[in-house]
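Chains as they are written, first to last, in the UniProt record's numbering: chain A, 1 to 191; chain B, 1 to 191.
Below is one structure; the comments refer to it alone.
2 protein chains.
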Amino acid sequence: MKILEDRIRQDGTILPGNVLKVDNFLNHQVDPQLMDQLGTEFARQFADAGITKVLTVESSGIAPAVMTALHLGVPMIFARKHKSLTLTDHLYTAKVYSYTKQVNNDISIDRRFLDPNDKVLIIDDFLANGQAVQGLFDIARDAQIEVAGVGVVIEKRFQKGHQLVVDAGVPLVALASIAAFENGTVTFAQD
Amino acid sequence: MKILEDRIRQDGTILPGNVLKVDNFLNHQVDPQLMDQLGTEFARQFADAGITKVLTVESSGIAPAVMTALHLGVPMIFARKHKSLTLTDHLYTAKVYSYTKQVNNDISIDRRFLDPNDKVLIIDDFLANGQAVQGLFDIARDAQIEVAGVGVVIEKRFQKGHQLVVDAGVPLVALASIAAFENGTVTFAQD
Numbered sequence: 001m002k003i004l005e006d007r008i009r010q011d012g013t014i015l016p017g018n019v020l021k022v023d024n025f026l027n028h029q030v031d032p033q034l035m036d037q038l039g040t041e042f043a044r045q046f047a048d049a050g051i052t053k054v055l056t057v058e059s060s061g062i063a064p065a066v067m068t069a070l071h072l073g074v075p076m077i078f079a080r081k082h083k084s085l086t087l088t089d090h091l092y093t094a095k096v097y098s099y100t101k102q103v104n105n106d107i108s109i110d111r112r113f114l115d116p117n118d119k120v121l122i123i124d125d126f127l128a129n130g131q132a133v134q135g136l137f138d139i140a141r142d143a144q145i146e147v148a149g150v151g152v153v154i155e156k157r158f159q160k161g162h163q164l165v166v167d168a169g170v171p172l173v174a175l176a177s178i179a180a181f182e183n184g185t186v187t188f189a190q191d
Numbered sequence: 001m002k003i004l005e006d007r008i009r010q011d012g013t014i015l016p017g018n019v020l021k022v023d024n025f026l027n028h029q030v031d032p033q034l035m036d037q038l039g040t041e042f043a044r045q046f047a048d049a050g051i052t053k054v055l056t057v058e059s060s061g062i063a064p065a066v067m068t069a070l071h072l073g074v075p076m077i078f079a080r081k082h083k084s085l086t087l088t089d090h091l092y093t094a095k096v097y098s099y100t101k102q103v104n105n106d107i108s109i110d111r112r113f114l115d116p117n118d119k120v121l122i123i124d125d126f127l128a129n130g131q132a133v134q135g136l137f138d139i140a141r142d143a144q145i146e147v148a149g150v151g152v153v154i155e156k157r158f159q160k161g162h163q164l165v166v167d168a169g170v171p172l173v174a175l176a177s178i179a180a181f182e183n184g185t186v187t188f189a190q191d
């Protein structure tokens, strides 16, 4: 998506360790017009997938997810992150390891909000190692629902999250796909 | 706002301790069409206030805040919650006590995203004890920016957050204002 690639080139910062910082328009300060455009594009690409709900994980996924859900005309659910809980009978839970923060968290979704007829679209801001997506896959398996797609604003194609989604046989849409970082600049994948 | 009051009556649950649970449309499962309507209404009510940015706190404030910012045509910033940090020179931070979770958190906003010319609108899902709003007031004071308004989806008028905002002289808009809980039902304030 050209406007997104242009925005990343213009406003993104590459930190040591190939960390792409886009906190001025995506995950701290948020550009709502851009979120609306991203949501419109995800909705367009998954228009015929029969999506009944959009799932994401708090917090950075919420803004693009709510816009996508708005344009698909379906509810959005954000999984909550927390330290391991004791009373979880009413929740679907999964473990998620954060490479950035180097901690294990549980993510959870209330059982009331998923039923076996659901076909869900997972939306997130970043796909790198794919831990958050794997956690939502785990929840979907437990809830016996179908994951009909994964949409991420930015993927780092060279990290293992991309292959994880492909190997699961789930359609993946990345609105910007980073092939490499070279000399402090971003190279986008061509397809 | 009648559609919101109707929705609370229809889908809200009152738990022991006067906790209103609205996690089926506001703060876990989210109704994006309703968020769009709430954002439209906040933007209408603050249209002449010269707002340059919308502020909220992760995570439940993000969905209504991004819709409000969309309709005002300004950026949205969500403050991040975390345990106390050591390296905070680049952040504005404030302490926030959560009555629900009975823990102290820091909230923070990167200094790059606030400048003294900003006039901000604070948006949140709930106003009860007002701790999150007070934290954002503290950050606004440190950043020397003007808080031109506070907009909350639901306020519990009988708790101290309402008076805290009034005492600060900041215009307050609550789209649903709960006067009392009686016999398991909600009574809305009349004005």
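By construction, the Cβ of each residue, glycine as well, lies at the ideal position given by its N, Cα and C atoms.
Within the DSSP secondary-structure output, M76 of chain B pairs in a beta bridge with A:V30 and B:V54.
Around the beta carbon of V166 of chain B, fewer than 16 other beta carbons sit within 10 angstroms, so the residue counts as exposed. By the rule that beta-carbons nearer than 7 Å mark a contact, Q45 of chain A does not touch chain B.
Collapsing the DSSP output to three states places D48 of chain B in coil.
Contact annotation for A140 of chain A against chain B: no contact, minimum CB-CB distance about 15 Å [criterion: below 9 Å]. Within the stretch 25-38 of chain A, H28, Q29, V30, D31, P32, Q33, M35 and D36 place their CB atoms closer than 7 Å to a CB of chain B, listed in sequence order. The closest CA to that of V30 of chain B, considering only A:E155, A:P75, A:K156 and A:A65, is found on A:P75. Beyond the five residues adjoining it in sequence on each side, F188 of chain B comes within less than 7 Å, by CB distance, of E5, A176, S177, I178 and A179 in the same chain, given in chain order. Its chain contains N27 and D125 as the residues whose beta carbon lies nearer than 6 Å to that of S60 of chain A, once the 5 sequence neighbours on both sides are disregarded; these appear in chain order.
Within the UniProt domain "Phosphoribosyltransferase" (47-160) of chain B, the runs of beta strand (DSSP E) at least 3 residues long that lie entirely inside it are, in chain order, 53-57, 76-82, 91-98, 103-110, 119-127 and 146-156. For V166 of chain A, the secondary structure class from DSSP, reduced to helix, strand or coil, is helix. About 7 Å separates the Cβ atoms of V57 of chain B and F78 of chain B, confirming a contact at the 8 Å cut-off.
Residue pairing of A174 of chain B in beta bridges, as defined by DSSP: B:V152. Contact of P75 of chain A with chain B by beta-carbon distance below 9 Å involves N24, F25, Q29, V30, D31 and P32. Among the residues of chain B, those whose CB is under 7 Å from the CB of V66 of chain A are V30, P32, M35, A63 and V66, following chain order.
Sequence-distant Cβ neighbours of D118 of chain A in its own chain, meaning closer than 7 Å and more than five residues away, are T52, K53 and I145. Using a Cβ-Cβ cut-off of 7 Å, A69 of chain A counts as an interface residue toward chain B, since at least one Cβ of chain B sits closer than that to its own.
Counting of Cβ neighbours within 10 angstroms places R112 of chain A among the exposed residues, the total staying below 16. Here D110 of chain B has H90 and L91 as same chain residues with Cβ atoms under 7 Å from its own Cβ, once five neighbours each way along the sequence are excluded. For D110 of chain B, the chain A residues whose Cβ falls inside 9 Å of its Cβ are D23, N24, H28 and Q29, in order along the chain.
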